[in-house]
Structure formats: structure tokens, C-alpha cells
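Chains as they are written, first to last, in the numbering used here: chain A, 1 to 82; chain B, 1001 to 1219.
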């Protein structure tokens, strides 16, 4: 069975995110001043062939740990979308 | 001592490194394609170099994909057996991603690609002028790792002023504790953001790069 899995990868909270800071500056230039902070990560979608949802999640978890996220600088969340 | 230089798709400092080692240091150099994996011509006394550039287009994260190439698997084995490995710039990023060195290189704090001469110094030495050229060179590791690196004498270079003062003014990318280069615990794997291969010839008007190779025992 094919499972659609989404992986959200974000820079760790304590880390300066220069990309987010640049976008925050852009928003302020646009006059959208109510935005106090911007942080930018990655949204990755995976199609995984597995027997069960749990197995698909385990594969996504392994992929995230080994490649999709670098846990020295990023955290990840896995969401099963069907 | 002979050298191997790994060429990834997107490497762009491989030929500079070849020229510096062969012409300026008079070494035997063998170019190594990333899809090969044979390192049998190298002994523990030799050195494998991961050059600067944008391996695999810097996709996902700098160095993240390169670490799974066949040649990198061999380089990891080579390093774990005590062989010398030096990563410069993108090579440093690959070494961090592959786990041969701790920490990671983040996007420069000032969001800019920094391309200029900077000064770096080892714990005891004088300041040397060496160019940097990177967008992701902000060394980061957690406090515990940083403390361990310092306690173990693993910080090989810090950014400094021309007179050798280590402070934020001399730091081109926001690297924690001004770290420009580190080595592993065993002292056989080295990573640094500045490019010694770009300043090893009198023709370039600067030969401080030769001092770098010498300090690392790669001369």
C-alpha cells in the first residue's frame, strides 16, 4: 500500500535563521509590520510503499534521521496524510 | 606522502587544489571520481582531500548528498583506519555531514556570500592571510561539543585580525567562538572553511596557504 507522508523540517529554535530574518525584513518593507518573527524550514512529501501505516512512519523516521534532517541544527515532524 | 582529491559533481576547487599540491608543494596527486571507491593506492601516511565547491548543487543541505557517494564511503573507512583527510569549504561541510567531524556549517549570520581574504590563527601561531568564499560557513555545535573541542585542542584555526586578535570584528560569518577549522579527536581528519590552496603560490601574491598545509602535517 502507498502512504503519503509529510515531513516538516525546521531549524532548531535557538538557532539564528538568516533566511527568516531576510523575509521578516521584506515583510516590514511591504508594510506588513504585525509579523514579529519568521522562521523558514522545509516541507518534504514522501510516497512510501509499506504494509502498515506504522511501517511507513518508521521508514519516514529513518529517512528523516539519516538524510532529510540534520539533528545538530534541525528538528523534524512526521505527518501521515493517507 | 601522496594526495587524492575527490571530485564530486559541482566541485570547483579541485583543480586549484591539484595545482597547489602538485606545483607549489611538489606532491604526487591523484584525482578521484566520486563514483569510484578504490583507495587501495593510498596508505595511512597519505591524505585524501575533499575540495571546495557545491557538491550535488548543495541540494537539501551543503554536503548532505555527497556523503552517500561511493567514494565517500571509502573515505570514511580510510579516515576510521587512521588515514589523513582534509576538507576545505564544501569539503568541511561534507565531513560534518558524514559525522567524521562534529557540528555543522550554517548559513552566514549576515546572509551574505563572503568572498575575501581573512586572517586565521592556530592556538599558538601568528595570523595568516587566507581567503574564504562561502555562503554557509557559520560553524555551530552545542556548548558541550564546543567545550570538548577546545579542551581537546581540536580547534585548529580561529578567525582573527591581522594582528592576531580573536574577536567578532574579525569573524566573517558568525561562527561560534570564531572557529574557522577543527580536527577530530585522533588528529587525522581536518576541516576548515578558508582556502589554503588559493594562496600557496608566489604568483598569487600570498603563500600563507603553505603554512596551513605545514601546520597540518601535509607537506
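Don't be surprised by glycine CBs; every beta carbon is placed ideally from N, CA and C.
The alpha-carbon separation between residue 1040 (chain B) and residue 1200 (chain B) amounts to approximately 29 Å.
Look at residue 1154 (chain B) here: in three-state DSSP terms it is coil, with no helix or strand label. The three-state reading of DSSP puts residue 1073 (chain B) in helix, counting H, G and I together. The closest CA to that of residue 37 (chain A), considering only A:29, A:47, A:23, A:58, is found on A:23. When B:1133, B:1159, B:1087 are compared, the shortest CA-CA separation from residue 1184 (chain B) is found for B:1087. Exclusion of the five residues before and after residue 1104 (chain B) leaves 1096, 1140 as the residues of its chain whose Cβ lies within less than 6 Å of its Cβ.
Between residue 21 (chain A) and chain B, the shortest Cβ-Cβ separation is below 9 Å.
For residue 1140 (chain B), the nearest beta carbon of chain A is closer than 9 Å to its own beta carbon. At least 9 Å separates the CB of residue 75 (chain A) from every CB of chain B. When 9 Å is used as the limit between beta carbons, residue 1108 (chain B) is near these residues of chain A: 18, in chain order. Within the region 1081-1118 of chain B, the complete beta strand (DSSP E) segments of 3 residues or longer fall at 1084-1088, 1104-1106, listed in chain order.
With its beta carbon less than 9 Å from one in chain A, residue 1097 (chain B) belongs to the interface.
Looking only at B:1069, B:1125, B:1138, the smallest Cα-Cα distance to residue 1156 (chain B) is reached by B:1125.
If you look at residue 42 (chain A), you'll find it in the beta strand (DSSP E) that goes 42-49. Residue 1120 (chain B) and residue 75 (chain A) have their C-alpha atoms roughly 32 Å apart. Between the C-alpha atoms of residue 39 (chain A) and residue 9 (chain A) there is a straight-line separation of about 11 Å.
The region 1007-1032 of chain B is shown to contain whole alpha helix (DSSP H) runs of 4 or more residues at 1014-1019, in chain order. The continuous alpha helix (DSSP H) containing residue 29 (chain A) extends over residues 18-29. Cβ neighbours of residue 79 (chain A) within its own chain (closer than 6 Å, five residues either side excluded): 6. Bounds of the beta strand (DSSP E) holding residue 1180 (chain B) are 1179-1183.
When secondary structure is reduced to three states using DSSP, residue 2 (chain A) falls in the strand class. If you draw a 10 Å sphere on the C-beta of residue 1034 (chain B), you find 16 or more other C-beta atoms in it, and that means buried. The C-beta of residue 1060 (chain B) comes closer than 9 Å to at least one C-beta of chain A. In this structure, residue 1063 (chain B) keeps its C-beta atom at 9 Å or more from the C-beta atom of residue 1013 (chain B).
Residues of the same chain with a CB within less than 7 Å of the CB of residue 1109 (chain B), apart from the 5 flanking positions on each side, are 1138, 1173, 1174 in chain order. Considering only B:1020, B:1010, B:1049, B:1009, the residue with the shortest C-alpha distance to residue 1191 (chain B) is B:1049. In this chain, residue 1133 (chain B) is not harboured by any alpha helix (DSSP H); it is covered by the beta strand (DSSP E) spanning 1128-1134.
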